[in-house]
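Visitor:
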Amino acid sequence: MSSATLNCVSLSAKAHVSGRELQNKRRVKCLARSKSACVASLEQAKTWGESACKLALTATACTMLTIAPAHLALAIPQTSTCATEICDGNDYSNKDLRQEFYTKGSVKYANFSNSNLERVSLFGANLMGANLSGANLTYSDLGQANLTNADLRGARLEGAIVSSTRFDGAKIEGSDWTDVIVRSDINKELCAIASGTNPVTGVDTKDSLLCF
């Protein structure tokens, strides 16, 4: 059993009960925000004779259990406005965009320069030729996005997701890739053009990409 998995079983010998059913039937109410308090709450439920949980979970998993309704799926949005409307060439520069998302959207040649896109979903977006210079992309989701010929100069990408992302022809001078997991062949290509230092973090682009 992994640390983030919750397996709930009924004390009754009749049948197993799923974690979602337990929540819906209010058999177990974990009202805590920490692992230790969560375990204590579940132990109390045992004494009530309602049901018991055999669990191994982290504090994060417990928090997710307490604050997320059972019927809600914790997933990124499947589409965005820019997936159904043309957003190519739009000007999003110098804005706080943390409440927006561009999942699977077409934002070719759009201007995101110096904007705050922290933790924003750009999953599957077409960002070909987009201007992301100086943008804050920390912990953003750029998975499967097309960043061909995009301008990432001076951008911060710490902790961003870039799985299956295309960077052909991208400009990356002064960008910070700290804690970004990049596929080895893509990393080699980025290292070949990496240069400069990020003006905000002071981290060298080559160092952040672990270029040796």
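Everything in the sequence shown is counted per our numbering, starting at 337 for the first residue and increasing by one.
Just so you know, even glycine gets a beta-carbon here, dropped at the ideal spot from N, CA and C.
1) Kindly indicate the opening and closing residues of the alpha helix (DSSP H) around Asp-427.
2) Is Asn-452 helix, strand or coil when you go by DSSP?
3) In angstroms, rounded to a whole number, what distance separates the CA positions of Gly-425 and Leu-463?
4) Output the distance between the C-alpha atoms of Val-516 and Lys-444, rounded to the nearest integer angstrom.
5) For Lys-542 and Ser-457, what's the separation of their Cα atoms in angstroms?
6) Give me, in chain order, the residues of the same chain whose beta-carbon lies closer than 8 Å to that of Thr-533; leave out the 5 immediate sequence neighbours on both sides.
7) Between Ala-471, Arg-455 and Arg-434, which lies nearest to Ala-446 when the distance is taken from Cα to Cα?
8) In terms of DSSP beta bridges, what is Asn-482 paired with?
9) Straight-line CA distance for Phe-437 to Arg-455?
10) Can you find the residues in the same chain that come closer than 8 Å, C-beta to C-beta, to Thr-383, ignoring five residues on each side of it along the sequence?
11) In angstroms with no decimal places, state the Cα-to-Cα distance between Ile-529 and Ile-508.
12) Going by C-alpha to C-alpha distance, which of Thr-514, Gly-490 and Val-518 sits closest to Asn-452?
13) My output table needs one value for Ser-520: the three-state DSSP class, helix, strand or coil.
14) Over the uninterrupted alpha helix (DSSP H) stretch that includes Thr-420, give me the two end residues.
15) Grab me the residues of Cys-547's own chain with a C-beta within less than 7 Å of its C-beta, minus the 5 sequence neighbours each way, in chain order.
Guide: Taking the coordinates as given:
1) Counting from 1 along the sequence shown, the entry for residue 427 is found at position 91. Counting along the chain, Asp-427 falls outside any alpha helix (DSSP H), and DSSP gives it neither H nor E.
2) Here residue 452 is taken as the residue at index 116 of the sequence shown, counted from 1. The answer is strand: DSSP assigns Asn-452 an E or B state.
3) The residue given as residue 425 occupies position 89 in the sequence shown. The residue given as residue 463 occupies position 127 in the sequence shown. One C-alpha to the other measures close to 10 Å.
4) Position 180 of the sequence shown, counted from the start, is the residue given in the question as residue 516. Position 108 of the sequence shown, counted from the start, is the residue given in the question as residue 444. Going from the Cα of Val-516 to the Cα of Lys-444 covers about 23 Å.
5) Reading the sequence shown from its first residue, position 206 is the one you call residue 542. Reading the sequence shown from its first residue, position 121 is the one you call residue 457. Straight through space, the alpha carbons of Ser-457 and Lys-542 are spaced by roughly 26 Å.
6) For the purposes of this step, residue 533 is taken as the residue at position 197 of the sequence shown. Closer than 8 Å at the Cβ level, and outside the excluded window around Thr-533, lie Gly-510, Val-539, Asp-540 and Thr-541.
7) Along the sequence shown, one-based indexing puts residue 446 at 110. Looking at the Cα atoms, Ala-471 is the closest of the given residues.
8) In the sequence shown, residue 482 corresponds to position 146, counting from 1. Under DSSP, the beta-bridge partners assigned to Asn-482 are Asn-462 and Arg-502.
9) Here the question's residue 437 lines up with position 101 in the sequence shown. Here the question's residue 455 lines up with position 119 in the sequence shown. In this model, Phe-437 and Arg-455 are separated by some 9 Å (Cα to Cα).
10) Locating residue 383 in the sequence shown gives position 47, counting from the first residue. Note that Thr-383 scores a pLDDT of 42, beneath 50, so its modelled location is shaky; the value from the coordinates is reported in the next line. None.
11) Here residue 529 refers to the residue found at position 193 when the sequence shown is read from its first residue. Here residue 508 refers to the residue found at position 172 when the sequence shown is read from its first residue. Looking at the two C-alpha atoms, the distance is approximately 7 Å.
12) In the sequence shown, the residue the question calls residue 452 occupies position 116. Ranking the options by Cα distance to Asn-452, first place goes to Gly-490.
13) For this step, residue 520 is matched to residue 184 along the sequence shown. Note: Ser-520 maps to helix in three-state DSSP.
14) On the sequence shown, residue 420 is found 84 positions in, with the first residue counted as 1. Segment 417–420, the alpha helix (DSSP H) holding Thr-420.
15) By one-based count along the sequence shown, residue 547 stands at place 211. These residues qualify, in order along the chain: Cys-527 and Ala-530.
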